[in-house]
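J.: What follows is a single structure, and I will ask about it in a moment.
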Amino acid sequence: MAALSKWGPGASQLGTSGTQRAGRAPEPRSRFVEGSIVRIFMENFLTYDSCEVRPGPNLNMIVGANGTGKSSIVCAICLGLAGKPSFIGRADKVGLFVKRGCLKGVVEIELSKTPTNVIITREIQVVNNTSTWFINRKPSTLKTVEEQIAALNIQVGNLCQFLPQDKVGEFAKLSKIELLEATEKSIGPPEMYQFHCELKNFREKEKELENLCKEKRNSLEKMRQRIERYKQDVERYHERKRHLDLIEMLERKRPWVEYENVRQQHEEVKQSRDQAKEELKNLKEMQSPVTKKIQEIEELYKSLDMKIRDKAAEIKDTSQKCKQKQDALEKKDKQIEEINQALRMKKDEEMDRQKKIHNTRKMIEDWQNELNTMGVCENLQPQIDAVNTELKHLQEERASIDSDVSDLRTEKINQEREKKRITGCIVELDNIMNMKEEKLKGRFRDTHSALMWLRKNTDKFKKNVCEPMMLAINMKDNRHAKYVENHISSNDMRAFVFESQEDMEMFLLEMRDHRKLKVNAVCAPAESCAENIPSRPIEELHRYGFFSYLRELFDAPRPVMSYLCSQYRVHDVPVGTEKTKNMIERVIQETKFKQIYTAEEKYIVKVSAYTNQTLSSNTSLRAAQFLTISVDTDERRQLESQQQEINSTLKSLDVQLTTFFERQKYLEQRDNELRQQKKELLERGNKRRQLESKIAVKHDSLRQMEQDAINLEEESQQSNMKIKEINVQKARLVTELMHLIKNCISLNIIKADLVLQSTTVAAEKNRLELEYKAASVQLRASEQRFRELDDRKRVLIENCKELLKKARQVCKLSPDQHLPKEFQTAFQALPNTLEEIDAFLNEEKSRASCFTGLNASVVEEYNKRTQEIQQLMEELEEKKNILDDYKQNISQVKERWLNPLKKLVEQINEKFSNFFSSMQCAGEVDLHVENEEEYDKYGIRIRVKFRSSTELHELTPYHQSGGEKSVSTMLYLMALQELNRCPFRVVDEINQGMDPVNERRVFEMVVKTACKESTSQYFFITPKLLQNLSYNDKMTVLFVYNGPFMMETNKWNLKAFCRRRRRVGRMDKQ
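Set out below in structure tokens:
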């Protein structure tokens, strides 16, 4: 089904059946040159069911892909205007132009004419290959149509006016004589070609008369000699008989030669067919092992992929065990540190006790000395005892606080050690994120630069900004990364996600306009879609092999997840297995999902807006590139939570230590005050009793301190035993950890080797698939060639049978009778080619005709010849007089023809040279004359030069390149355009061989020349155009489309089509 649309200034749109349905009003008749085409209607013609074309009065560009039906319009113009199929060069029978499957086709051409247009209709019958003609809807004859067309100066057989696609190359093959005649018909005055034809006819008749006079003189002389040579008549009579016999034998041999020629063609075609059959067989045999090898490669690839997955699982399990061992080692180190800390505290405590014992003994000694020197004093003992009691309580509280401070410091050290360990784990996870950033930097440098800027300028944004999706998305299982990457476009994978439209616009302005970075950004929906519920629970889909929706395969920040749910509907796109693929037809029909993932493929399901049919397409999944590196978000969140708890604990410990330090300061101050008070009391009271009491208290304290002695050697031995036992456990853990690390390294090496093998196998698979596709194309071409040769062979067999039957009839042989030996012997002495036989036959007939009139009555013949001689002399004199009259007429007509012709050629040369000069090339047109009296040898010679270093060369089919011939042809036709008196000109795909520079220059010349007011209608057919060409308001551009779903023209509505297309676009986005 083909369709044609028309576009341009005030253009109209045409569709499947071609009826005009939207656009401007028809062009005023005054703008059409008389004889130009106003309308073209085709029904069941080549690619068209029904189509109506309304061209413009000036330049008409017919544009469309190859095979859509552009040249069908050219064929319709030619055949509709009484042109022969041979003019087009496509087929030799007009019935072949009717659409396949139809019995009748119609072409209708409406031509501009004053006062009313002329409508010429041609109905083509396929059955008997005939045509019926109508003029203005009334029956007519071909002759009347040809007269009507000739009256409008339309010449579809003239390559200067009508240049179809298959004849473009023949223009350069036109001889100088043919080009002159075509130019005269196209742009010369009506009488110019008539004068030329008269001159040629006069010259022919002049030559005929000269030859006739010469022949008559020769005949006269021969007749005179014949009379003298009458005795030779008998011999000549026998000679004539021999010539007649030879003629008869030549006529018998001729059909046998024709049969032999066709038979040889049949043998050649048969041999070519057998070769094609053998080639086809070889191709099929070669393709079978390739298919088998592709299957083997696919199985190997799947096996390697499974092994890689297994190794990855083993590596993950081993890494987890290593982590457990490391944690156990750190725990043992912590236990050792705690034992050492406890031992140090006991040593410090023992040292403090010894120091206190020493100080107490010294104090007792000093007080005892002082007591010995003192007398009896007043009794202030109760006050002193009270102060001592308070001091004792203060000392006990200070000792308790010191113990608590020591415990808090130990706890703080342990918490800081744990914080350092957690920080190291977070750094390791950050290193994984750095790997993802390095991959981003390597693939999308501009996006990475924008990321660095964003991290330094987060305070400039009102709301939260998420980093590129390929960094923000974390896969829960790396094996599922391919589904997410195949679902989300590459542009969105590297896009920043904003919660505010204003923030996004400010970011893009900074990146694109100021920093000239190519970055992408998207805005999350105002209302979050991250928690959108799927259309049905995943449990209902387990029977189809689905195990999850896309959203559940990865983690992402809330804005990113909201955008993906809104734009890509990841919450409602199921992911299946091989089971899903095996029952995919049922899945598509029953689930009604628009997108489905199986183990290795992606399916897209659509419902046609025209036919309501469910259409599905599937593509193989690409390997993941960005999301294969992922961070265990649960572990990171747990570590961050632990880090926050430790920070909180450290802050709490710092607060408690500060409180204790303040209390210690207060107690120390209070202790000083009490000691001062006690000192004063001692000074005031009986220092003796005080000293005795103090000495008694100190003795009690000394006894208590001596009783509290710590055995440091025993404590040290116990600590060393505990540490030794823990070190033994550590050594065992280190051994196990080293074994696990070695195992992990070995597994990684094996996995790397498997990945390398998988890559090699994948490359081999791709190569084999490409070879298979290429072989399939070659196989189809070979099958087509075989069918063509087979059809040709059958046709030649039928021709051979017909020619053999004809040859037997000429020789009067029965169907079973062989050629007699006398015929074979006679045939061997005769020529063996049709050309030689025809030439020999004509020669013998001419020779035989020279012997006419011979008979037995010599006297009667002599008298008769005498009378003939007298009559011949009279006729000779009459022919001489006629010859003189012809020479005089030739001289008059020559002057009326040659002078205007020379002026016309000069005008063509001027325009042709100007066109070539504008292209920095050179070209000229001149009138070529070999002999001024030979008017049928006059011609137009085109000489061109495309390079400054060369000379002008005549335009021939062989000297110039295809593009140069196309340019020369086009410029010659443009030189004729302004001088043209023909109503329209057709040029089909002449720009195909041109390079872009020449094509652009020629196009501008065509537009400039064909859109002038004084020029006639112009049809320019091309399958493609260059970009940014210059156009003119007077141009009309017609686009040709085709396809199986083109609607009928009477149902076409442009506005309805646009509304439907927008609705379908919205459905596709959903």
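Each residue of the sequence shown is one higher than the last, beginning at 138 in the working numbering. We put the CB at the ideal spot given by N, CA and C, even for glycine. Only a predicted model underlies this, so the values are computations on that prediction, with no experimental measurement involved.
(1) What does DSSP give as the partner residue(s) for CYS1155 in the beta ladder?
(2) Provide the residue span of the alpha helix (DSSP H) that contains TRP1189, from first to last.
(3) Comparing C-alpha positions only, which one of THR751, GLU1005 and CYS1058 sits nearest to ARG119?
(4) Exposed or buried, GLU245, counting other C-beta atoms within 10 Å across all chains shown (16 or more means buried)?
(5) Assign GLY1180 to buried or exposed, taking buried as 16 or more other Cβ atoms, counted over all protein chains shown, within 10 Å of its Cβ.
(6) The alpha helix (DSSP H) that contains PHE1182, what's its start and end?
(7) With ILE261 as the anchor, note down where its beta strand (DSSP E) starts and where it stops.
(8) Look up THR751 in the DSSP assignment and say whether it is helix, strand or coil.
(9) Considering only residues of the same chain and omitting the five flanking positions on each side of LEU701, which have a CB-CB separation below 6 Å?
(10) In its own chain, which residues sit with a C-beta less than 6 Å from the C-beta of ARG498, not counting the 5 before and 5 after it?
(11) For GLN779, which of GLU555, ILE199 and VAL243 has the nearest alpha-carbon?
(12) So who's on the other strand from THR269, going by DSSP bridges?
(13) Going by other Cβ atoms of all chains shown within 10 Å of its Cβ, with 16 needed for buried, is LEU1038 buried or exposed?
(14) Just to check my reading of the structure: ILE1241 and VAL235 have Cβ atoms closer than 8 Å, yes? What is that Cβ distance to the nearest angstrom?
(15) Across the stretch 583-601 and the stretch 811-818, are there enough close Cβ pairs to call them in contact, namely three or more that are closer than 8 Å?
(16) Whose C-alpha, out of GLU642, HIS624 and GLN461, is nearest the C-alpha of LYS597?
(17) For LYS444 and GLN762, what's the separation of their Cα atoms in angstroms?
(18) Relative to the alpha-carbon of GLU636, which residue among ASP650, ALA658, HIS624 and MET630 has its alpha-carbon at the smallest distance?
(19) State yes or no: is the C-beta of VAL1139 within less than 8 Å of the C-beta of ARG389?
(20) From which residue to which residue does the alpha helix (DSSP H) around LEU654 run?
(21) I think SER116 touches LEU1092, with their Cβ atoms under 8 Å apart; what is that distance to the nearest whole Å?
(22) Does the count of Cβ pairs from the stretch 827-841 and the stretch 540-552 closer than 8 Å reach three?
(23) Determine the contact status of MET648 and MET630, defining contact as a CB-CB distance below 8 Å.
(24) Classify ARG1076: buried if its beta carbon has 16 or more other beta carbons within 10 angstroms, exposed otherwise.
(25) Using CA atoms only, rank isn't needed, just tell me which of GLN463, ALA287, ALA202 and ILE177 is closest to MET1209.
(26) For ALA618, list the residues DSSP reports as bridge partners.
(27) What's the gap between the Cα of LYS207 and the Cα of TYR1178?
(28) Restricting to Cα atoms, I'd like to know which of ASN615, TYR1095, LYS484 and LYS599 is closest to GLU639.
(29) My understanding is that PRO711 touches TYR740, with C-beta atoms under 8 Å, so please give their C-beta distance in whole angstroms.
(30) Would you mind sorting THR184 into buried or exposed? The rule is 16 or more other CB atoms within 10 Å of its CB.
(31) With a 10 Å radius around its C-beta and 16 neighbouring C-beta atoms as the bar for buried, classify MET1010 as buried or exposed.
(32) Nearest to GLU873 by CA position, among THR455, GLU347, GLU668 and GLU1014, is which residue?
(33) Looking at the unbroken beta strand (DSSP E) that takes in ARG237, where does it start and where does it end?
(34) What is the rounded straight-line gap between the Cα of LYS1074 and the Cα of TYR1023?
(35) Label PRO276 either buried or exposed according to how many other C-beta atoms from any shown protein chain fall within 10 Å of its C-beta, with 16 as the threshold for buried.
(36) Spatial neighbours of ARG558 within its chain, please: C-beta separation below 7 Å, excluding the five flanking residues on both sides.
T.: Let's see:
(1) Looking up residue 1155 in the sequence shown gives position 1018. The residue asked about is misnamed: residue 1155 is Tyr in this sequence, not Cys. Bridge partners of TYR1155: LEU196 and ARG1122.
(2) Start at 1 with the first residue of the sequence shown, and residue 1189 comes out as number 1052. Per DSSP, TRP1189 belongs to no alpha helix (DSSP H) and is neither H nor E.
(3) A query on residue 119 cannot be resolved here, the shown segment of the chain reaching from 138 to 1207 and no further.
(4) Position 108 of the sequence shown, counted from the first residue, corresponds to residue 245. Buried is the call here.
(5) In the sequence shown, residue 1180 corresponds to position 1043, counting from 1. Exposed: under 16 other Cβ atoms inside 10 Å.
(6) Reading the sequence shown from its first residue, position 1045 is the one you call residue 1182. Counting along the chain, PHE1182 falls outside any alpha helix (DSSP H), and DSSP gives it neither H nor E.
(7) Translated into positions along the sequence shown, residue 261 becomes position 124. Run containing ILE261: 255-262, per the beta strand (DSSP E) assignment.
(8) Here residue 751 is taken as the residue at index 614 of the sequence shown, counted from 1. In the structure shown, THR751 adopts extended strand secondary structure according to DSSP, grouped into three states.
(9) Here residue 701 refers to the residue found at position 564 when the sequence shown is read from its first residue. Contacts found: VAL707.
(10) Along the sequence shown, one-based indexing puts residue 498 at 361. Correct list: empty, nothing qualifies.
(11) In the sequence shown, the residue the question calls residue 779 occupies position 642. When only C-alpha atoms are compared, the closest one is GLU555.
(12) By one-based count along the sequence shown, residue 269 stands at place 132. Partner(s): GLU260.
(13) Residue numbering aside, residue 1038 sits at position 901 when the sequence shown is read from its first letter. Around the beta carbon of LEU1038, 16 or more other beta carbons sit within 10 angstroms, so the residue counts as buried.
(14) There is no way to answer for residue 1241, as the model of the chain reaches only from 138 to 1207.
(15) No, because fewer than three Cβ pairs between the stretch 583-601 and the stretch 811-818 fall closer than 8 Å, the two stretches do not touch.
(16) Within the sequence shown, residue 597 is the residue found at index 460, counting from 1. Taking only the C-alpha atoms, the option nearest LYS597 is GLU642.
(17) Here residue 444 corresponds to residue number 307 of the sequence shown, with the count starting at 1. Here residue 762 corresponds to residue number 625 of the sequence shown, with the count starting at 1. Between LYS444 and GLN762, the C-alpha separation is close to 20 Å.
(18) Here residue 636 refers to the residue found at position 499 of the sequence shown. Of the listed residues, the one whose Cα sits closest to GLU636 is ALA658.
(19) Walking along the sequence shown from the start, residue 1139 turns up at place 1002. Walking along the sequence shown from the start, residue 389 turns up at place 252. No, Cβ-Cβ distance for VAL1139 and ARG389 is not below 8 Å.
(20) Looking up residue 654 in the sequence shown gives position 517. Unbroken run through LEU654: none, as it is neither H nor E.
(21) Missing from the structure shown is residue 116; the chain here goes from 138 to 1207 and no further.
(22) no
(23) Translated into the one-based positions of the sequence shown, residue 648 becomes position 511. Translated into the one-based positions of the sequence shown, residue 630 becomes position 493. Going by C-beta atoms, MET648 is not nearer than 8 Å to MET630.
(24) In the sequence shown, residue 1076 corresponds to position 939, counting from 1. Arg is not the amino acid found at residue 1076; the sequence shown has Gly there. With 16 or more Cβ atoms within 10 Å of its Cβ, GLY1076 is classed as buried.
(25) The requested residue 1209 is not part of the displayed model; the chain covers only 138 to 1207.
(26) As a position in the sequence shown, residue 618 is number 481, starting the count at 1. Answer is none; ALA618 lacks a bridge partner.
(27) Taking the sequence shown and counting its residues from 1, the one referred to as residue 207 is at position 70. Taking the sequence shown and counting its residues from 1, the one referred to as residue 1178 is at position 1041. Those two C-alpha atoms are separated by around 9 Å.
(28) As a first step, residue 639 must be located in the sequence shown, where it is residue number 502. If we check each option's Cα against that of GLU639, LYS599 comes out closest.
(29) Locating residue 711 in the sequence shown gives position 574, counting from the first residue. Locating residue 740 in the sequence shown gives position 603, counting from the first residue. About 11 Å; that fails the 8 Å criterion.
(30) In the sequence shown, counting from the first residue as 1, residue 184 sits at position 47. Buried.
(31) By 1-based counting over the sequence shown, the position of residue 1010 is 873. So MET1010 counts as exposed.
(32) Residue mapping note: residue 873 aligns to position 736 of the sequence shown, counting from 1. Nearest option by C-alpha distance: THR455.
(33) Position 100 of the sequence shown, counting from 1, holds the residue named residue 237. Here ARG237 belongs to no beta strand (DSSP E), and DSSP marks it neither H nor E.
(34) Taking the first residue of the sequence shown as 1, we reach residue 1074 at position 937. Taking the first residue of the sequence shown as 1, we reach residue 1023 at position 886. For LYS1074 and TYR1023, the distance between alpha carbons rounds to 19 Å.
(35) As a working note, residue 276 is residue 139 in the sequence shown. That one is exposed.
(36) Translated into positions along the sequence shown, residue 558 becomes position 421. Once the five neighbours on either side are set aside, the close Cβ partners of ARG558 are GLU467.
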